[in-house]
Amino acid sequence: GQSLEQPSEVTAVEGAIVQINCTYQTSGFYGLSWYQQHDGGAPTFLSYNALDGLEETGRFSSFLSRSDSYGYLLLQELQMKDSASYFCAVRLYGGSQGNLIFGKGTKLSVKP
Amino acid sequence: DTEVTQTPKHLVMGMTNKKSLKCEQHMGHRAMYWYKQKAKKPPELMFVYSYEKLSINESVPSRFSPECPNSSLLNLHLHALQPEDSALYLCASSQDGQGWEQYFGPGTRLTVT
Numbered sequence: 289g290q291s292l293e294q295p296s297e298v299t300a301v302e303g304a305i306v307q308i309n310c311t312y313q314t315s316g317f318y319g320l321s322w323y324q325q326h327d328g329g330a331p332t333f334l335s336y337n338a339l340d341g342l343e344e345t346g347r348f349s350s351f352l353s354r355s356d357s358y359g360y361l362l363l364q365e366l367q368m369k370d371s372a373s374y375f376c377a378v379r380l381y382g383g384s385q386g387n388l389i390f391g392k393g394t395k396l397s398v399k400p
Numbered sequence: 644d645t646e647v648t649q650t651p652k653h654l655v656m657g658m659t660n661k662k663s664l665k666c667e668q669h670m671g672h673r674a675m676y677w678y679k680q681k682a683k684k685p686p687e688l689m690f691v692y693s694y695e696k697l698s699i700n701e702s703v704p705s706r707f708s709p710e711c712p713n714s715s716l717l718n719l720h721l722h723a724l725q726p727e728d729s730a731l732y733l734c735a736s737s738q739d740g741q742g743w744e745q746y747f748g749p750g751t752r753l754t755v756t
């Protein structure tokens, strides 16, 4: 089977750096995406890693290592508005187009 | 315009009612999706339309019926729902069927009584 594991909750202070890990057990996948969802809101696309390595987009970076079955989302200079749930997601080899499998999500709380 | 719109925002319906959820995007995207999301859970894919053709149906009960009238519109017809179907129903779109970068609408909060 396949599973994506994320910590259920992470707490950090404003201005700090936080890393949200995503470990997976799958038979193979095309790439790793990250989405942010505020309470009561819709998921918002953050990043996508098709290849191993680091992708940087402003304060957010995402990393993928297929050999380690591991990825992470790095949030720098945390702001209160970053308090949200963060989901990693993959599309499996052999899966239908657009069929993203989401992790259970990590709830990030940013404290003053 | 990078927005996906959904109507209605909230819907309360009885188990014998028939209702429809609507979704619209004007980004020229060729794939559109319906997801169901329960509280504190990740989105679960229900249907995918790619180039206006249904390409996936994740074993969703027949009381949910999708329709894609054109490349900008997506409907979800609801009939004889159960209380456990109460959830947030999200529509999303992506440029193509690969679906890495999906744009989500604000959702319809459905309550079945």
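Keeping their order, the protein sequence lines are chains W and V.
Residue numbers for the first sequence follow the working numbering, so the first one is 289 and each next one is one higher.
Residue numbers for the second sequence follow the working numbering, so the first one is 644 and each next one is one higher.
Glycine included, C-beta positions come from ideal geometry on N, C-alpha and C.
Values in this document were obtained by computation on a predicted structure and should not be read as measured data.
Worksheet entry | Contacts of Glu-744 (chain V) in chain W (Cβ-Cβ under 8 angstroms) | Ser-321, Phe-333 and Tyr-336
Worksheet item: Are the Cβ atoms of Ser-697 (chain V) and Pro-712 (chain V) separated by less than 9 angstroms?
Response: One point to set straight first is that residue 697 (chain V) is Leu, not Ser, in the sequence displayed. Contact: no.
Worksheet item: Tell me, which residues are paired with Ala-730 (chain V) by DSSP?
Response: V:Leu-753
Item to complete: Quick one: residues in its chain with C-beta nearer than 8 angstroms to the C-beta of Trp-743 (chain V), no 5 flanking neighbours on either side, listed in chain order?
Response: Ser-737
Worksheet item: Nearest CA to the CA of Thr-659 (chain V): which residue from V:Asn-718, V:Leu-724 and V:Gly-671?
Response: V:Leu-724
Practice prompt. Only counting runs of 3 or more residues, tell me where the beta strand (DSSP E) segments fall wholly within the region 296–320 of chain W, in order along the chain.
Written response: 297–301 and 306–313
Worksheet item: What does a CB cutoff of less than 7 angstroms around Val-298 (chain W) pick up in its chain, not counting 5 residues either side in sequence?
Response: Val-306, Ile-308, Thr-394 and Leu-396
Worksheet item: What residue from W:Cys-376, W:Leu-380, W:Asp-356 and W:Asn-387 has the CA that sits closest to Gln-325 (chain W)'s CA?
Response: W:Cys-376
Fill in: Contact with chain W by Ala-730 (chain V), beta-carbon distance below 9 angstroms
no
Practice prompt. Report the neighbours of Asn-309 (chain W) on chain V: residues whose CB is nearer than 8 angstroms to its CB, in chain order.
Written response: Going along chain V, no residue has its Cβ under 8 angstroms from Asn-309 (chain W), so there is no contact; the nearest lies around 16 angstroms.
Discussion item. Please tell me whether Lys-665 (chain V) and Leu-716 (chain V) are closer than 9 angstroms, where the distance is taken between their beta carbons.
Written reply: yes
Worksheet item: Excluding the five sequence neighbours on either side, which residues of its own chain have a C-beta within less than 7 angstroms of the C-beta of Glu-667 (chain V), listed in chain order?
Response: Thr-648, Ser-715 and Leu-716
Fill in: Three-state secondary structure assigned by DSSP to Met-368 (chain W)
helix
Worksheet item: Are the CB atoms of Tyr-374 (chain W) and Leu-366 (chain W) nearer to each other than 9 angstroms?
Response: no
Practice prompt. Determine, using beta carbons only, whether Leu-388 (chain W) and Gly-359 (chain W) come nearer to each other than 9 angstroms.
Written response: no
Worksheet entry | Ser-350 (chain W) vs Glu-343 (chain W) beta-carbon contact at 9 angstroms | yes
Worksheet item: Just by C-beta distance, which residues in the region 357–382 of chain W are closer than 7 angstroms to chain V?
Response: Phe-375 and Arg-379
Practice prompt. Check whether the Cβ of Tyr-318 (chain W) lies closer than 9 angstroms to any Cβ atom in chain V.
Written response: yes
Worksheet item: Is the shortest distance between the beta-carbon of Phe-351 (chain W) and the beta-carbons of chain V less than 9 angstroms?
Response: no
Worksheet item: So, is Lys-304 (chain W) buried or exposed, given that buried needs 16 or more other C-beta atoms within 10 angstroms?
Response: Strictly speaking, residue 304 (chain W) in this sequence is Ala, with Lys absent from that position. Exposed: under 16 other Cβ atoms inside 10 Å.
Practice prompt. Would you grab the beta carbon distance between Tyr-746 (chain V) and Trp-677 (chain V) for me? Rounded to a whole angstrom, and I think it's under 8 angstroms.
Written response: Not really, about 14 angstroms apart at Cβ, beyond 8 angstroms.
Worksheet item: Taking C-alpha atoms, which residue in V:Phe-707, V:Pro-726 and V:His-653 lies nearest to Asn-718 (chain V)?
Response: V:Phe-707
Worksheet item: Taking Cβ positions, are Ala-674 (chain V) and Ser-693 (chain V) nearer each other than 9 angstroms?
Response: yes
Item to complete: Could you name the residues of chain V that Lys-392 (chain W) contacts, counting a contact when the two beta carbons are closer than 8 angstroms?
Response: Lys-684 and Pro-685
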